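Peer 1:
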Amino acid sequence: MQMKSEIAGKAAKQRHIQRNIDAKDKSKSKAKQQGAMQAGARQYPEPPFPEQHQPKPGKEWAIEPAPLYDAPYYLGSKKLDGKVALITGGDSGIGRSVSVLFAREGADIAIVYLAEDRDARATKSAVEAEGRRCILVKADVSERDECRNAVAQTVKAFGRIDVLVNNAAFQIHSSEFAELTEEHFDTTLKTNLYGYFHMAQEAVPHMKPGSAIINTGSVTGIDGSKALVDYSMTKGGIHAFTRALSGNLLGKGIRVNAVAPGPVWTPLNPSDKEAGDVSKFGADTPMKRPAQPEELAPAYVFLASPHCSSYITGEILPVVGGY
Ligand code: NAD
């Protein structure tokens, strides 16, 4: 049996351990408050951002701070030398950064976009500054004929298609499920699902073994987002489409993968969310900030290049900042 004094000594020891842990917790929570995680080659913007809201489709030139897409510390090494990539939604956001890094890796680029001429011209100049060619195709991916025309224009200009990046999307929140209209639902599905399906079906006949399709999915397609029921549905659908199509195209030597981004600082959210929410965008992620487009684009290079990912197909690569 333990003496009273021994028991008191053990309790004191426990309190000593407890005090140590409490002190460490306190200093950790102070460290946690110190701001967003920065692990990149340059410092990335952190919330709060200026409050802003834009009409659809969003314009990159009007966002503050301007999204970072040109990855100045990323060196190309001919990973896509001589290839041709068709990138939907390539005028802005993730698509713009993918266009620039693909060009830096040696690819010519065809950009499909809905209406943002000024953004598209800026991306074209950025691709040309990398020493590659770029054509702009204004087309609505929800329309089969326009997808067929976009593919035809790409083949006419460059003679081939090696990489298709399905990336164009429509996203508008609807907090109340009952208020999600048929028109809204239809527009989301037609853009995000039919658009990817049309583009893939039109492009595949022109793609040789070694080609790749990369679809942009989303963390919402994995977790769901309560104010984006329709959009989350399409993103989950895109993930399933990726896996199913990868099996289907195996015999043709065409790899099919997806990137699933978390929050990224692009025109998509300022043209969706209310101004106050845009200000806090990305703050609730483990890294406490949204990604910049240039933090996503290398994942697309990896999945596009046969030098990097020749044994990878049917995968969904999350780039979600530690979710
Ligand atoms: P963005 O606004 O820069 O890109 C969206 C693009 O879609 C625009 O270039 C627009 O021209 C194009 N588009 C819209 N409707 C179209 C149509 N009917 N026909 C042709 N083009 C059309 O935004 P982004 O964030 O770079 O979006 C790129 C992709 O990333 C999308 O698939 C989006 O769902 C996905 N994504 C974005 C985030 C984010 O937080 N920004 C998160 C997860 C996934």
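Residues in the sequence shown are numbered consecutively from 1215, following the working numbering. For every residue, glycine included, the Cβ atom is placed at its ideal position computed from N, Cα and C. As the structure is a computational prediction, the values presented were derived from the model and not from experiment.
Check whether the Cβ of ASP1354 sits closer than 8 Å to any heavy atom of the ligand NAD, and report yes or no.
Peer 2: yes
Peer 1: Determine which residues share a DSSP beta bridge with THR1302 and list them.
Peer 2: VAL1326
Peer 1: Please classify PRO1532: does DSSP put it in a helix, a strand, or coil?
Peer 2: strand
Peer 1: THR1448 to ARG1233, Cα distance in whole Å?
Peer 2: 50 Å
Peer 1: Helix, strand or coil: which one does DSSP assign to ALA1366?
Peer 2: If DSSP states are grouped into helix, strand and coil, ALA1366 belongs with the helices.
Peer 1: Would PRO1423 be called buried (16 or more neighbouring beta carbons within 10 Å of its own) or exposed?
Peer 2: exposed
Peer 1: Could you check whether the Cβ of PRO1542 sits closer than 8 Å to any heavy atom belonging to the ligand NAD?
Peer 2: As shown, the chain starts at 1215 and ends at 1537. That puts residue 1542 outside it, with no answer to give.
Peer 1: DSSP three-state label for ILE1427, please.
Peer 2: strand
Peer 1: Whole angstroms are fine: how far does the CA of GLY1476 sit from the CA of ILE1526?
Peer 2: 21 Å
Peer 1: Among all the DSSP beta bridges, which residues are the ones paired with ILE1349?
Peer 2: In DSSP, ILE1349 forms a bridge with ALA1324.
Peer 1: Count Cβ pairs between the region 1386-1399 and the region 1335-1351 that sit closer than 8 Å; are there 3 or more?
Peer 2: No, the region 1386-1399 does not touch the region 1335-1351.
Peer 1: Mind checking whether VAL1175 and ILE1427 have CB atoms under 9 Å apart?
Peer 2: Here the chain has residues from 1215 to 1537 only, and residue 1175 is not among them.
Peer 1: Would you check if the distance between the CB atom of ALA1285 and the CB atom of SER1311 is smaller than 9 Å?
Peer 2: yes
Peer 1: Kindly examine the ligand NAD and report whether one of its heavy atoms sits closer than 8 Å to the Cβ of TYR1327.
Peer 2: yes
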